[in-house]
Structures are given as C-alpha cells and as structure tokens.
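See structure below.
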Amino acid sequence: MNKLLVTFLLLLSFSNVWAKDQSAWQEFKQVYIIDNGRVIDGSDPRRITTSEGQSYALFFALVENDRQTFDRLYEWTRIHLAEGDLTARLPAWLWGSENNRQGVLDDNSASDSDLWIAYTLIEAGRLWQSDYYQNVGYLLALRILAEETVSLTAGSRQLLPGKKGFMSESVAKLNPSYVPLPLLAKFAYSSDDKRWQELWAGSVELLLQTQSHGVSPDWVLYDGKRYFYDKNTTAAGSYNAIRTYLWAGMMPSDMEGQVEQLHSLQPFAKAISNNKQVPLTTYADSGLTQGTSPVGFTAAMLPFLVASGETELAAAFDLEVKTQLITDRDNEYYNNVLAIFGTAWYTDKFRFNAKGELIVPWASNAQSTGQAE
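Per mature numbering (1 follows the signal peptide of the UniProt record, and there is no 0): the sequence shown = residues -19 to -1, 1 to 354.
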C-alpha cells in the first residue's frame, strides 16, 4: 500500500511538472504581456517595457505559433517604440511611467534587441509566408548595419550596443552577449552584403578573445587591436554574460565556429559540473567565480550543459527550474525569459540549423525563402 502511494505521488508530481511546462508560454502571456502587446517588467517601480522584452516575446510567440499574440506584440512595438515605423527608425529601448506620464524614457536603441526583432520578423515571414513581416525585418536589418555597427579594422565589424554612447574617440564599448551567433549566421549566410560577413568575423573574434580564461564578461573595451578593461568597464560577468553561454549552447553542432566556442567555455562548464550550481559573477581576466545565482541562470545553462555533454546535470537543473521558478508575479521578468529560452530549447520546441534558420516542430516542412538584404 505504501509503495502504491509513493508511486502515485511521484506520478502526480511529474504530472504537475509536465502541466507547468506545457503552460509556460500561456502563463508568461498572462503575467507579463499587457495593454494589447506590451511586455512589462514589474521589478522596476516605473513598470518598464524594454525593446529586449518585446523582442524576446516576439521570438517566443513565433516558436509557439501564436500569430495573434505576435501581431499584438509587433504593433505595440512599432507604434510605441518606433513612432509607427520600424523601417524608418530603430526602436527606443526603454518605455515606462515616470513623473505622472507614460512614454519613452530613453530613445537610444539596444542593438541586441534590434537583432532579435529583425531576425524574428524575417523568420516569421518565412514560416508564416508573410511578405510584410519579412520585408520589415530586412529593412530593420539594414538599419542595424548602418547605425549600430562599426569597423575598426579591415575585414572585421563590431556590433555597438546602441546607436549612441558606445564610441569614445577610437574606442568602442562592447557587450559579448549582444551577438548570438545563431542569429548572425542567418544574416551572414543569406545576404550578399559583406558587412554581415564582417560582423560575423568580428563577433567570433570578440567572443573567443574575451573568453580566453573560460568565462565571458558583461562588457569590454576594444580599440581595433586589443580587448581590454578599465576601472569603469571591468572584467566582471553576470546578468549580461549569462546569455553568452545560452547562445553558445544553442549553436547546432554543424554550425561554423560551434566547436571553438564550446571549447573556449569548457572551464566554465567544468566549474558548474564540479559545484552543481551556477555562479553569480565571473571574472574574464582570471576565470575566477563567486556567488550563487538566481534560478534564471540555472535555466540558461540547459542548452550549454547538453552541448557540453553534461546531460545528467542538465536534467537535474531542469527539475530545479520547474520547482523554483516564480511564474505568477511580474517582478521576475528576467528569470522567466531566461527560463523560457532554456527550457523551450531543452524540450525541443525550437532549434537553429547551421545557416541560422529557426526550426520548429509545427513548421518542419517550411522551406527557406527570400534573402536578407
């Protein structure tokens, strides 16, 4: 009788975990998407919306084949962050409530979000056969190249974190987590514009050079010859850098550069395997780690651990995320977006192919069409 009871309780537990996994996107929508397509981050008293949040939600909606939510997210982003036209201007990165008014709080752009928006629009156009979304994505991608990239050395190009404020004389301030190689592969493979190939080359170099001690920094300085730090831009890596491991883990094994990226980060994989937890902070100039991270970091490790051969630890981390992630209040935004990325990939809801195209089960027969301009 006791054995039967234990078995029943275990089955009930796994059933609850499964149900929670199945409803992750629906729960995220209910808690974080308001006002007809606005993603809210309630951890900030200004009840902010970022272009990052809009871009990630657009991607999740495409992965889930949720066209209705996708359309709402796109329209809110276009109207409120881009003054009605994503082809004419880069979206503002920050919107919220301040001094008894709602609106744009900072009109500078965030290039990683812009990349995710452009990529997702192009892939939505391909998978849903929408010329409109594909064309907007192409034009936004051109604007990213023109306004958010810089070439400090021949044959190489870097993604500036935003349109303004990241170049001082001949020194650029860069963020390695802003260049997910699966997305850049899409542009590099599907376009004849050599600037995309230069951006791919510069981004690969940025990642490998700043990961020389096995961990990634949040920020780094670059003058065209070397990557370095100063008292303001330190070698610490935390809430930004965690995405570098997430993007690396999502690279398919046959994508150019995947082997080199994983190899350079193996010291971090080994540290996690030994300690059975993810550190809060790393130091790219020494490889040292410290602190205990929130549950979103644990979720972000799932693709990276699988790619590194740590499948048992990945399974343990997946269960930890399911039991510890807070999903019913809107002040856990970042943990939840990291968790959706990590767990959706882990449960095969999406993959990227070697050329950066999005692979989703519901559109397994979709064919590649069009080219990035």
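Think of the CB as a built atom: it goes at the ideal place given N, C-alpha and C, for glycine as much as any other residue. Please read these numbers as outputs of a predicted model, since none were measured by experiment.
Between the CA atoms of LEU202 and SER137 - distance to the nearest angstrom: Position 156 of the sequence shown holds residue 137. Position 221 of the sequence shown holds residue 202. Approximately 16 angstroms, taken between the alpha carbons.
Inter-residue Cα distance where the pair is LEU300 and THR328: As a working mapping, residue 300 is identified with position 319 in the sequence shown. As a working mapping, residue 328 is identified with position 347 in the sequence shown. Cα to Cα, LEU300 sits roughly 12 angstroms from THR328.
Same chain only: Cβ atoms within 6 angstroms of TRP181, ignoring 5 sequence neighbours per side: On the sequence shown, residue 181 is found 200 positions in, with the first residue counted as 1. So the qualifying residues of the chain are LEU165, ALA169.
Limits of the beta strand (DSSP E) - the one that TYR203 falls within: For the purposes of this step, residue 203 is taken as the residue at position 222 of the sequence shown. Here the beta strand (DSSP E) through TYR203 covers 201 to 203.
C-alpha distance - TYR226 paired with LEU86, whole-angstrom precision: Start at 1 with the first residue of the sequence shown, and residue 226 comes out as number 245. Start at 1 with the first residue of the sequence shown, and residue 86 comes out as number 105. Their backbone Cα atoms lie some 30 angstroms apart in a straight line.
Span of the beta strand (DSSP E), counted from its first residue to its last, around SER151: Taking the first residue of the sequence shown as position 1, residue 151 is located at position 170. For SER151, there is no enclosing beta strand (DSSP E), as DSSP marks it with neither H nor E.
Neighbour-count burial assignment, ILE307, 16 or more Cβ in a 10 Å radius: Numbered from its first residue, the sequence shown carries residue 307 at position 326. The residue in question, ILE307, is exposed, as its Cβ has fewer than 16 Cβ neighbours within 10 Å.
Alpha helix (DSSP H) segment containing VAL240, residue limits: Taking the sequence shown and counting its residues from 1, one reaches residue 240 at position 259. 239 to 245 is the extent of the alpha helix (DSSP H) around VAL240.
Residues near LEU246 by beta carbon distance below 7 angstroms, same chain, minus five either side: Along the sequence shown, read from residue 1 onward, the residue named residue 246 stands at position 265. Same-chain partners within the cutoff: GLN192, GLY195, TYR226, ALA229.
Assigned secondary structure, TYR106 (DSSP; H/G/I helix, E/B strand, else coil): Here the question's residue 106 lines up with position 125 in the sequence shown. For clarity, residue 106 is Gly in the given sequence; the question names Tyr instead. It is helical.
C-beta atoms of SER94 and GLU33 nearer than 8 angstroms: One-based indexing of the sequence shown puts residue 94 at position 113. One-based indexing of the sequence shown puts residue 33 at position 52. Yes; because the gap between Cβ atoms is below 8 angstroms, this pair is in contact.
Whole-angstrom distance between LEU187 and PHE322, CA atom to CA atom: Position 341 of the sequence shown, counting from 1, holds the residue named residue 322. Position 206 of the sequence shown, counting from 1, holds the residue named residue 187. Spanning the two alpha carbons is a distance of roughly 23 angstroms.
Exposure of ASP173, with buried meaning 16 or more beta-carbon neighbours within 10 Å: Residue mapping note: residue 173 aligns to position 192 of the sequence shown, counting from 1. Exposed, by the Cβ-count rule.
The segment 11 to 31 / the segment 310 to 324 touching (three or more Cβ pairs under 8 angstroms): yes
Alpha carbon of GLY268 to alpha carbon of ASP112, nearest angstrom: As a position in the sequence shown, residue 268 is number 287, starting the count at 1. As a position in the sequence shown, residue 112 is number 131, starting the count at 1. The alpha-carbon atoms of GLY268 and ASP112 are separated by roughly 46 angstroms.
GLN115, enclosing alpha helix (DSSP H) - first and last residue: Looking up residue 115 in the sequence shown gives position 134. Looking at the DSSP string, the run of the alpha helix (DSSP H) that includes GLN115 is 112 to 129.
Whole-angstrom distance between ILE29 and ARG19, CA atom to CA atom: Translated into the one-based positions of the sequence shown, residue 19 becomes position 38. Translated into the one-based positions of the sequence shown, residue 29 becomes position 48. The alpha-carbon atoms of ARG19 and ILE29 are separated by roughly 10 angstroms.
Close beta carbons around PHE(-12), own chain, < 8 angstroms, minus the five adjacent residues each side: Walking along the sequence shown from the start, residue -12 turns up at place 8. Low confidence applies to PHE(-12): its pLDDT is 40, below 50, so where it sits in the model is not reliable, and the reading given next is rough at best. Taken in chain order, the list of residues that qualify is empty.
Spatially closest choice to ASN255 from GLU291, GLU104, ARG310, by CA coordinates: Taking the first residue of the sequence shown as position 1, residue 255 is located at position 274. When each option's Cα is compared against that of ASN255, the closest is GLU291.
Residue nearest to ARG207 in terms of C-alpha spacing, selected from ALA250, GLN305, VAL152, GLN258: Within the sequence shown, residue 207 is the residue found at index 226, counting from 1. Checked all of ALA250, GLN305, VAL152, GLN258; the closest Cα to ARG207 is VAL152.
The alpha helix (DSSP H) enclosing SER137, as first and last residue numbers: Here the question's residue 137 lines up with position 156 in the sequence shown. Careful: SER137 lies outside any alpha helix (DSSP H), inside the beta strand (DSSP E) at 137 to 140.
For VAL20, the residue or residues it bridges with in DSSP: Residue 20 sits at position 39 when you count from the first residue of the sequence shown. ILE14.
Local Cβ density within 10 Å of PHE(-6), reported as buried at 16 or more and exposed below that: Locating residue -6 in the sequence shown gives position 14, counting from the first residue. With a pLDDT of only 35 at PHE(-6), under the threshold of 50, the placement of this residue in the model should not be trusted; the figure read from the coordinates follows. PHE(-6) is exposed by the Cβ-count criterion.
For LEU39 and ILE98, believed in contact at Cβ under 8 angstroms, the rounded distance: If you number the sequence shown from 1, residue 98 lands on position 117. If you number the sequence shown from 1, residue 39 lands on position 58. Correct: roughly 6 angstroms between the Cβ atoms.
Coil, strand or helix - PHE298 by DSSP: For the purposes of this step, residue 298 is taken as residue 317 along the sequence shown, with counting starting at 1. In this structure, PHE298 counts as helix in the three-state DSSP scheme.
Secondary structure of ASP2, DSSP reduced to three states: Reading the sequence shown from its first residue, position 21 is the one you call residue 2. The pLDDT assigned to ASP2 is 48, lower than 50, so where the model puts this residue is not dependable, and the model offers no usable value.
Coil, strand or helix - VAL341 by DSSP: Against the sequence shown, residue 341 aligns to sequence position 360. Looking at VAL341 - three-state DSSP - the assignment turns out to be coil, as it is neither helix nor strand.
Beta-bridge partners of ALA63, as assigned by DSSP: Within the sequence shown, residue 63 is the residue found at index 82, counting from 1. None; ALA63 has no bridge partner.
CB contact flag (GLY238, VAL185, <8 angstroms): To locate residue 238, count along the sequence shown from 1; it is residue 257. To locate residue 185, count along the sequence shown from 1; it is residue 204. Yes, they are a contact pair.
Option in LEU71, THR101, ALA63, GLN115 with minimal Cα separation from GLY84: Mapped onto the sequence shown, residue 84 falls at position 103. Comparing alpha-carbon positions, the option among LEU71, THR101, ALA63, GLN115 lying closest to GLY84 turns out to be ALA63.
ALA216 versus TRP6: straight-line alpha-carbon distance, rounded: Counted from its first residue, the sequence shown places residue 216 at position 235. Counted from its first residue, the sequence shown places residue 6 at position 25. For ALA216 and TRP6, the distance between alpha carbons rounds to 35 angstroms.
Strand pairing of GLY84, partner residues [DSSP]: In the sequence shown, counting from the first residue as 1, residue 84 sits at position 103. For GLY84, which the question treats as bridged, DSSP gives the partners GLY77.
Same chain only: Cβ atoms within 7 angstroms of ARG70, ignoring 5 sequence neighbours per side: Mapped onto the sequence shown, residue 70 falls at position 89. Closer than 7 angstroms at Cβ, skipping near neighbours: ALA63, GLU64.
Whole-angstrom distance between ALA325 and VAL341, CA atom to CA atom: Here residue 341 refers to the residue found at position 360 of the sequence shown. Here residue 325 refers to the residue found at position 344 of the sequence shown. When only Cα atoms are considered, VAL341 and ALA325 end up about 11 angstroms apart.
Element boundaries [alpha helix (DSSP H), containing THR279]: Numbered from 1 along the sequence shown, position 298 holds the residue referred to as residue 279. Element bounds for THR279: 276 to 288.
Candidates ALA265, TYR220, GLU150: closest to SER197 by CA position: The count along the sequence shown starts at 1 and reaches residue 197 at position 216. For SER197, the closest C-alpha among the options ALA265, TYR220, GLU150 is that of ALA265.
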